[in-house]
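One structure is given below, encoded as C-alpha cells.
Protein chains: 2
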Amino acid sequence: MKLDLNIKKPTTRNAKNTFAEIERGAIKLFYERGYHNTTVANITAEAGVAAGTFYLYFPSKIVLYQHILGVFSYNIRKYIAERVSEKNTRYEKEREGIRSFFEYMIENPEMYNIIWEALYIDYNLFRQYYQTFADRYVVGLEEAKKNDEIRDLDSEVIAYILMGITNFVGLKILFDLGNNNIDIEKIIDVIMEFLEKGLFKENAH
Amino acid sequence: MKLDLNIKKPTTRNAKNTFAEIERGAIKLFYERGYHNTTVANITAEAGVAAGTFYLYFPSKIVLYQHILGVFSYNIRKYIAERVSEKNTRYEKEREGIRSFFEYMIENPEMYNIIWEALYIDYNLFRQYYQTFADRYVVGLEEAKKNDEIRDLDSEVIAYILMGITNFVGLKILFDLGNNNIDIEKIIDVIMEFLEKGLFKENAH
DNA sequence: TCAATAAATGAACAATCATTCATCTTATGA
DNA sequence: TCATAAGATGAATGATTGTTCATTTATTGA
Chain A
-6 MKLDLNIKKP TTRNAKNTFA EIERGAIKLF YERGYHNTTV ANITAEAGVA
44 AGTFYLYFPS KIVLYQHILG VFSYNIRKYI AERVSEKNTR YEKEREGIRS
94 FFEYMIENPE MYNIIWEALY IDYNLFRQYY QTFADRYVVG LEEAKKNDEI
144 RDLDSEVIAY ILMGITNFVG LKILFDLGNN NIDIEKIIDV IMEFLEKGLF
194 KENAH
Chain B
-6 MKLDLNIKKP TTRNAKNTFA EIERGAIKLF YERGYHNTTV ANITAEAGVA
44 AGTFYLYFPS KIVLYQHILG VFSYNIRKYI AERVSEKNTR YEKEREGIRS
94 FFEYMIENPE MYNIIWEALY IDYNLFRQYY QTFADRYVVG LEEAKKNDEI
144 RDLDSEVIAY ILMGITNFVG LKILFDLGNN NIDIEKIIDV IMEFLEKGLF
194 KENAH
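For the record, the sequence lines run as chains A and B. Positions -6 to 198 (our numbering) are the ones given, in order, by the first sequence. Positions -6 to 198 (our numbering) are the ones given, in order, by the second sequence.
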C-alpha cells in the first residue's frame, strides 16, 4: 500500500542534513503560507541550499508534499497508539487518545494545516488518511462493544463522530492558542462528560 | 461587520446574467479543481465571456472567492435557521439542524470544499466563519440549559463538539455519495442516540 | 433619434515559478 | 593517492497566468 514516491535518500552525513533541512523548511513554509504560496525557491532558501539541490532528492514539489503528509500521518498515529495502549478500559483509552491528539497538535500545529490541505492537493490521499484513521478506530470500538463497555451503535459512524469532536475542538484550541488561559484538561473533562452521559437530560423529550 | 469587497453590481438584465454566469462557473471550478488550479481564464471560458469581462465586476480573483464564501456562509445559515425555528424542543431542533445541514451539503457539495479552502486563502475569514457559527450555536444551547433540556456543560465547547460531529459525519457522507446505499436517516438516528445517552454504558468505569 | 453610459472583447504585458543542466566541489574506498 | 561517484550550485528556460487597456458593441433615457 505504501506508494513509491521516487524520493532519493541521501547517503553521506552532510547530505542527510541537507535532506532534513529541506523537509524542515518545507514544513515551516507550508504551514505559514500554504502549499501554493510556497515556492521551491522559498524552500531551498529556508533550507540554506541552492534551488537545484531540491531536485537531487525530490522529483517534484508535489512529491515533497506527499512525503511530508506521510510522515505526519505515521507520526501522529504512532504517538497516539503508544499512549492509548498503556490504558486498559475503553474509557481510559478514549480519554488518553483525545489528550494525546491535543498534545501532538499543540506541539506540531503545522500538522493540522498540512493534512487538511490535502483536500486541495491530493484528494485520494486526504480521503485515505481519514478512512485509515477511522478503520483503526473501528477495531478498538468493536472490541469495546464485545466487552460491553460501550453502546451498540454503528462503529464507523461513531469513529467519524469521535474524529469530528477531536478535530473541531482541536481547531478551537488552535484558534485560542495565543491566549494563555486555555485549560486543556478542563476541555477534555467536558468532552468526557459528554461521552459518558450524552447531551440531553432524561426528560428532554 | 460586512466587509466591502469592491464588487461592481451589474444593472442591465444581460449584465446580471453575465455576473451570475461568472459566479456559477467559479463555484463549479473551485469545487472541481480548487482555487489555485482554477485560472481567471478558466472561469470566463466556463461562463462564456471574454477574460477582460471578469474585471468589470470583480477587482481580483481573491475577491471573487471571498464573495462566494460569503454567499455560501449566508445561505447555509439561513437554510438551517429556517428549519430549526419550526421545531420546539432542543432535541427536535438539534435533529432538524443536523438533518438540514446534511441536506444542504448533499445538494451543494461545492460548499464544503470552498469553505474549508478558506484556511489556505484567507485564514481570518475561515476563523470568522466557524466562530460565528459557534456563537449562534451557543445562544441556542444557553436557552436549552435554562429550560433544563440539556446538561450544564461549557456551551462553547459543546458548540464545537456538535459542529465537529456534523462536519465529519458529513465528510463521510460525501466520501460515500457514489454508493447508492447510504441511509441518511439511519445515520442521524445513530448521532441522536449518541447525543441522548452518550457513548459509554453505565458500568464502563 | 442620438448622445451618453454600460458592457464586452481579446490581444498584449509583466511577473512568477517549477524544472533543467552544465559545471564545480566534496567524499569514498581500494 | 587517485579515480569514481555523490553532492551541490545557480543561471537559464519555458510555460503559465493575473491583470490591463485600447477598442468595439449594446443599452438607455430624453
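In this text, a Cβ means the ideal position worked out from N, Cα and C, and glycines have one as well. Note that the coordinates shown come from a computational prediction; the quantities given were computed from them, not determined experimentally.
Inset, instruction - Answer with yes or no whether the minimum CB distance from K139/A to chain B is below 8 Å. - result: no
Legend entry - Buried/exposed call for R88/A, threshold 16 Cβ in 10 Å: buried
Inset, instruction - Specify the secondary structure class of F126/A as computed by DSSP and reduced to three states. - result: Helix at F126/A.
Inset, instruction - List the whole-angstrom C-beta distance separating L167/B from Y105/B, where the pair is believed to meet the contact cut-off of C-beta under 8 Å. - result: 6 Å
Inset, instruction - Report the residues of the stretch 84 to 107 of chain B with a CB closer than 8 Å to any CB of chain A, ordered along the chain. - result: Y84, E85, E87, N106
Inset, instruction - Out of A34/B, F161/B, Y113/B, point me to the one whose CA is closest to Q59/B's CA. - result: Y113/B
Inset, instruction - For the stretch 174 to 182 of chain B and the stretch 126 to 142 of chain A, state whether three or more C-beta atom pairs, one from each stretch, are separated by less than 8 Å. - result: no
Legend entry - Where I0/A falls: helix, strand or coil (DSSP): coil
Legend entry - Simplified DSSP state of I143/B, which is helix, strand or coil: strand
Legend entry - Stretch-stretch touch, CB-based, cutoff 8 Å, three pairs: the stretch 107 to 126 of chain B with the stretch 62 to 69 of chain B: yes
Legend entry - Short Cβ contact (8 Å threshold) for M98/A with Y123/A: no
Legend entry - Reduced DSSP category for F51/B - H, G, I as helix; E, B as strand; rest coil: coil
Inset, instruction - Note down, in chain order, every chain A residue with its Cβ under 9 Å from the Cβ of E79/B. - result: Neighbours of E79/B on chain A: none; closest Cβ ~16 Å, over 9 Å.
Legend entry - Expected contact under 8 Å - CB spacing of R192/A and L192/B to nearest Å: It should be noted that the sequence gives Leu, not Arg, for residue 192/A. Rounded, the Cβ-Cβ distance is 12 Å, inconsistent with contact.
Legend entry - Partner residues on chain B for D250/A, Cβ-Cβ distance less than 7 Å: Shown here, chain A extends from -6 to 198; a query on residue 250/A therefore has no answer.
Legend entry - CB contact below 8 Å: R6/A versus chain B: No - not a single Cβ of chain B is within 8 Å of the one on R6/A.
Legend entry - I61/B at chain A interface by Cβ criterion, 8 Å: no
Inset, instruction - Determine, using beta carbons only, whether I158/B and I184/A come nearer to each other than 8 Å. - result: no
Inset, instruction - Report yes or no: is there a C-beta of chain B within less than 8 Å of the C-beta of L(-2)/A? - result: no
Inset, instruction - Spatial neighbours of F232/B within its chain, please: CB distance less than 6 Å, with the 5 preceding and 5 following residues excluded, ordered by chain position. - result: Since the first residue of chain B shown is -6 and the last is 198, residue 232/B is not available in this structure.
Inset, instruction - State yes or no: is the beta carbon of F126/B nearer than 8 Å to at least one beta carbon in chain A? - result: Using a Cβ-Cβ cut-off of 8 Å, F126/B does not count as an interface residue toward chain A, since no Cβ of chain A sits closer than that to its own.
Inset, instruction - Take D169/A and list the residues in its own chain whose beta-carbon comes closer than 7 Å to its own, dropping the five residues that flank it on each side. - result: I175
Inset, instruction - Kindly say whether R120/B, judged by its beta-carbon, lies nearer than 8 Å to any beta-carbon of chain A. - result: yes
Inset, instruction - Please list, in chain order, all residues of the same chain as A44/A whose beta carbon is under 6 Å from its beta carbon, the five residues on each side excluded. - result: Around A44/A: A34, T37.
Legend entry - 8 Å Cβ cutoff, Y24/B in contact with chain A: no
Inset, instruction - Compare the beta carbon distance of G163/A and F94/A with 8 Å and say whether it is the shorter of the two. - result: yes
Legend entry - Spatial neighbours of P102/A in its chain, beta-carbon cut-off 8 Å, leaving aside the 5 residues before and after: Result list for P102/A: Y24, L167, L170, in chain order.
Legend entry - Best match in L(-2)/B, K179/B, G133/B, E186/B for proximity to K80/B [C-alpha to C-alpha]: Residue G133/B is the option with its Cα nearest to K80/B.
Inset, instruction - Show which residues of chain B have a CB atom less than 9 Å away from the CB atom of F65/A. - result: The contacting residues do not exist; F65/A stays about 16 Å from chain B at best.
Legend entry - Buried versus exposed, by CB contacts within 10 Å (16 or more), N117/B: exposed
Legend entry - Distance CB(L(-2)/A)-CB(V56/A) smaller than 8 Å: yes
Legend entry - Own chain, CB closer than 8 Å to V42/A, minus 5 neighbours either side, in chain order: Hits under 8 Å: T11, E14, I15.
Legend entry - Under 8 Å between C-beta atoms of R83/B and I143/B: yes
Inset, instruction - Starting from the beta carbon of K21/A, find every residue of chain B whose beta carbon is closer than 7 Å, and list them in chain order. - result: Near K21/A there are no residues of chain B at all, since even the closest Cβ is about 16 Å away, more than 7 Å.
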